[in-house]
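Worksheet: the structure to be examined is printed underneath.
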Amino acid sequence: MASLSKGTVTEVGTVDPVGDYRTLLGSKVADNYEEASKQLQAIVTKLVKESFGDTYYAKALDCVEVLREEAIKHEEADMFNEFLRQMKEDLIGTRYSAFWDKVVQDNISLITMTECGDSKVTEEESKLFAESQAPATSIVEDKVEDEVDDADDLLAMM
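In the working numbering, the protein residues as written are 4 to 161.
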């Protein structure tokens, strides 16, 4: 009865993107992996960019984790790795860089050769990819701390 109320899933939506994605992957539609993955990638971008603060970040992170997991199962490491590289490039240095910090904190990185046979990425490359950018939040926190110290100095001078 519950499946009747939900209806047929024809695309990945924002309410239950992981559930929609897995439903599409389970359907018998030809080439559904690539199309469903592209839809979920678009949902990740939408959730991050439409999030009020970090409201939708957990849901977006779940999507990225599932994309990675399914890419390994389907031996589509290149598709996931390209998505992750592009996401990093799009987020670092923007107001959305806090989401990238969460990706790094959750140890989500490129799929390596040891995880998936079709990957061309070594363990070292994957590690360097994740570490190549200092978390933006630590830079912001340092700047805020410096500003607080400056304000304290000004008050002391009065």
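Note that beta-carbon positions come from the ideal geometry of N, C-alpha and C, so glycine has one too.
Buried or exposed for T115, please, with buried defined as at least 16 other CB atoms from any protein chain shown within 10 angstroms of its CB.
As a first step, residue 115 must be located in the sequence shown, where it is residue number 112. Classification for T115: buried.
In whole angstroms, give me the CA-to-CA distance for E134 and L28.
Here residue 134 refers to the residue found at position 131 when the sequence shown is read from its first residue. Here residue 28 refers to the residue found at position 25 when the sequence shown is read from its first residue. Distance between the alpha carbons of E134 and L28 is about 32 Å.
Pick out whichever of V18, D65, L70 and Y60 has its Cα sitting closest to the Cα of L113.
Reading the sequence shown from its first residue, position 110 is the one you call residue 113. Here the closest residue by C-alpha is L70.
Under 6 Å Cβ to Cβ from V15, same chain only, skipping five residues before and after it: list those, please.
Counted from its first residue, the sequence shown places residue 15 at position 12. Only D23, Y24, Q42, L43 and I46 meet the Cβ criterion.
Please name the residue, chosen from E37, G56 and V124, that lies closest to K105 on a Cα-to-Cα basis.
Sequence index remark: in the sequence shown, residue 105 carries index 102 (1-based). Taking only the C-alpha atoms, the option nearest K105 is G56.
Check this for me: beta carbons of Y60 and F102, under 8 Å apart or not?
The residue given as residue 60 occupies position 57 in the sequence shown. The residue given as residue 102 occupies position 99 in the sequence shown. Contact flag set, yes.
Considering only the beta carbon of each residue, do A63 and C119 sit closer than 8 Å?
As a position in the sequence shown, residue 63 is number 60, starting the count at 1. As a position in the sequence shown, residue 119 is number 116, starting the count at 1. Not a contact, by the Cβ cut-off of 8 Å.
Could you give the C-beta distance for S122 and N84, rounded to a whole number, given that I count them as a contact under 8 Å?
Working through the sequence shown from its first residue, we reach residue 122 at position 119. Working through the sequence shown from its first residue, we reach residue 84 at position 81. Confirmed, Cβ separation roughly 7 Å.
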